[in-house]
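Here's the structure we're looking at; comments come further down.
Chains as they are written, first to last, in my numbering: chain P, 1084 to 1337; chain R, 1084 to 1337.
Structural data, given as structure tokens:
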């Protein structure tokens, strides 16, 4: 009987944001494969499972290991945070299965993506059309990323920035904010959530103008924008009231 | 003690895509409030709960009812499919709570959004930056929607169309495809999933050029594009292989 490679998104990392399917799969498979940090998170909830960790940025090796385990007759969960189908492992895993002409079954198990959880922390910023853009240029040329940012702003779309800043990419968020300012007002609200849905979760609100001025922020505040953060820039109708960031959908409320 | 209004996204509608938190909340609240169709879905899993249904398009009334129930001392789940924070009830509920200066607690409980589930059915189309655009013009002027579609195509973003077609909006998907063709090739893959994640789920692949030619489709095929469908248009790198729609992220695979 053919065995299955489950490509599982486990959401932000706490048990309560996992889907029932992700939980069932992680409980039932023979091996759980993932990047060290992800395995540490999941191990807490499923301590008796077999785990295989591989280092960061070794995505190809990790997938091949997982595929080989399935070919040996195991059911395997290849895990990542958020939704495995959004900037996740689903793509490369499917590509490698096809390239090997492997006859294993593959199933992508969706999870709650970081934009959803960050939005729920901030209020309701995603009631309208939005763009999801990663500021990591490991896989995408920077000019294309910035073109997308500008196009999103031109269309007055809310923008969710994944991977907004790393040590090597200190300035991209500033450049992105400046691109948006070519089409949007500086007063547009910006919500920043770090470790959304995890115990260390913290969030704060700022504006697009302030984001463009990121260099002048205090170091402590700057540190809240990193690879664990989600930056959500509103559209022209987004506002902040009572600490909540809201993009109204247009219902008549009174 | 202050009671809580939970604004719950229950995902596509099957139990396995619900988050643990959504399940716990729906099991524990005093009342579950929702649009008739949503309540019918959820009732199957939590048959012993108290339900209050309100008709479609009565969003304001539904929210006020839910808020009043909380003010009376009940914990209430206001439910919707997908993620309550993406085109969901979170915005209007927060707006109404603020307008009433109600001191109830509000918690947005994220769910798996339709784009995630549709993507998992198709393969891995969302490995790269994407835009989420609703083709419903009930709340948004059509020219703004079409501007967003064109901007997304200009930025070579994948596009997820929510609410792609209704009886009254037969042509919007054609207009959207034509806008995209101003910037994208006709050969770009398009994946269409109806009832993603539900027992009736069906999906098929086409191209942007074919989508622009929607009028010439057979009636049976046309009917697969409606308010229960998600249309995902790839970017310039998206391809179809072995029936899977994949947008490569750029990892070196061999």
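In this text, a Cβ means the ideal position worked out from N, Cα and C, and glycines have one as well.
Interface annotation for the region 1213-1235 of chain R against chain P: 1213, 1214, 1215, 1216, 1217, 1221, 1222, 1223, 1227, 1228, 1230, 1231, 1232, 1233, 1234, 1235, criterion Cβ-Cβ distance under 9 Å. Contact note: residue 1100 of chain P reaches chain R through 1102, 1103, 1104, 1193, using a C-beta cutoff of 8 Å and chain order.
Here residue 1178 of chain P carries a helix assignment [DSSP, helix/strand/coil]. Per DSSP, the beta-bridge partners of residue 1313 of chain P are P:1276. Contact check for residue 1315 of chain P and residue 1322 of chain P: beta-carbon distance about 14 Å, past the 8 Å limit, so the pair fails to qualify. Per DSSP, the beta-bridge partners of residue 1188 of chain R are R:1087. For residue 1192 of chain P, the closest alpha carbon among the candidates R:1091, R:1298, R:1299, R:1095 is that of R:1095. At least 7 Å separates the beta-carbon of residue 1276 of chain P from that of residue 1294 of chain P. Between residue 1332 of chain P and chain R, the shortest Cβ-Cβ separation is below 7 Å.
A straight-line Cα-Cα distance of about 8 Å links residue 1126 of chain P and residue 1132 of chain P. Per DSSP, the continuous beta strand (DSSP E) segment holding residue 1285 of chain R begins and ends at 1285-1290. Taking all protein chains shown into account, residue 1156 of chain P has fewer than 16 neighbouring C-beta atoms within 10 Å of its C-beta and is therefore exposed. Per DSSP, the continuous beta strand (DSSP E) segment holding residue 1244 of chain R begins and ends at 1241-1245. Contact between residue 1195 of chain P and residue 1102 of chain R holds: their C-beta atoms lie close to 6 Å from each other, under 8 Å. In the three-state reduction of the DSSP assignment, residue 1252 of chain R falls in the strand class.
DSSP places residue 1228 of chain R in the uninterrupted alpha helix (DSSP H) bounded by 1225-1237.
With its beta carbon at least 7 Å from every one in chain R, residue 1294 of chain P lies outside the interface. Residue-level contact check: residue 1323 of chain P does not touch chain R, since none of the beta carbons of chain R fall below 7 Å from its beta carbon.
Taking each of P:1327, P:1109, P:1124 in turn and checking the Cα distance to residue 1159 of chain P, the smallest one comes out for P:1109. In terms of CA proximity to residue 1116 of chain P, P:1146 leads the group P:1214, P:1146, P:1230, P:1258. Within chain R, 1177 have C-beta atoms less than 7 Å from the C-beta of residue 1327 of chain P, given in sequence order. Under a criterion of Cβ atoms nearer than 7 Å, the residues of chain P adjacent to residue 1237 of chain R are, in order, 1234.
In summary, residue 1299 of chain R is exposed, with fewer than 16 beta-carbon neighbours lying within 10 Å of its beta-carbon over all protein chains present. In this structure, residue 1332 of chain P keeps its C-beta atom at 7 Å or more from the C-beta atom of residue 1092 of chain R. With its beta carbon at least 7 Å from every one in chain R, residue 1317 of chain P lies outside the interface.
Residue 1143 of chain P: member of the alpha helix (DSSP H) spanning 1142-1154, first to last residue.
Residue 1111 of chain R sits exposed, since fewer than 16 C-beta atoms from the chains shown fall within 10 Å of its C-beta.
Residue burial is scored here from C-beta neighbours: residue 1253 of chain R has fewer than 16 other C-beta atoms within 10 angstroms and is therefore classed as exposed. Under the 7 Å criterion on CB atoms, residue 1209 of chain R is classed as interfacial with respect to chain P. Contacts between residue 1170 of chain R and chain P, judged by CB atoms closer than 8 Å, involve 1209, 1210, 1211, 1332 in chain order. Residue 1214 of chain P is not a Cβ neighbour of residue 1279 of chain P, given a cutoff of 7 Å. Closest option to residue 1309 of chain R, judged by alpha-carbon separation, among R:1204, R:1207, R:1219, R:1142: R:1219.
For a Cβ distance threshold of 7 Å, residue set 1199 of chain P lies close to residue 1196 of chain R, ordered along the chain. In terms of Cβ geometry, residue 1327 of chain R and residue 1177 of chain P form a close pair [threshold 7 Å]. Restricting attention to P:1128, P:1187, P:1284, the CA atom closest to the CA of residue 1203 of chain P is found in P:1284. Here the region 1239-1259 of chain P makes no contact with the region 1236-1246 of chain R; the two share fewer than three CB pairs at distances below 8 Å.
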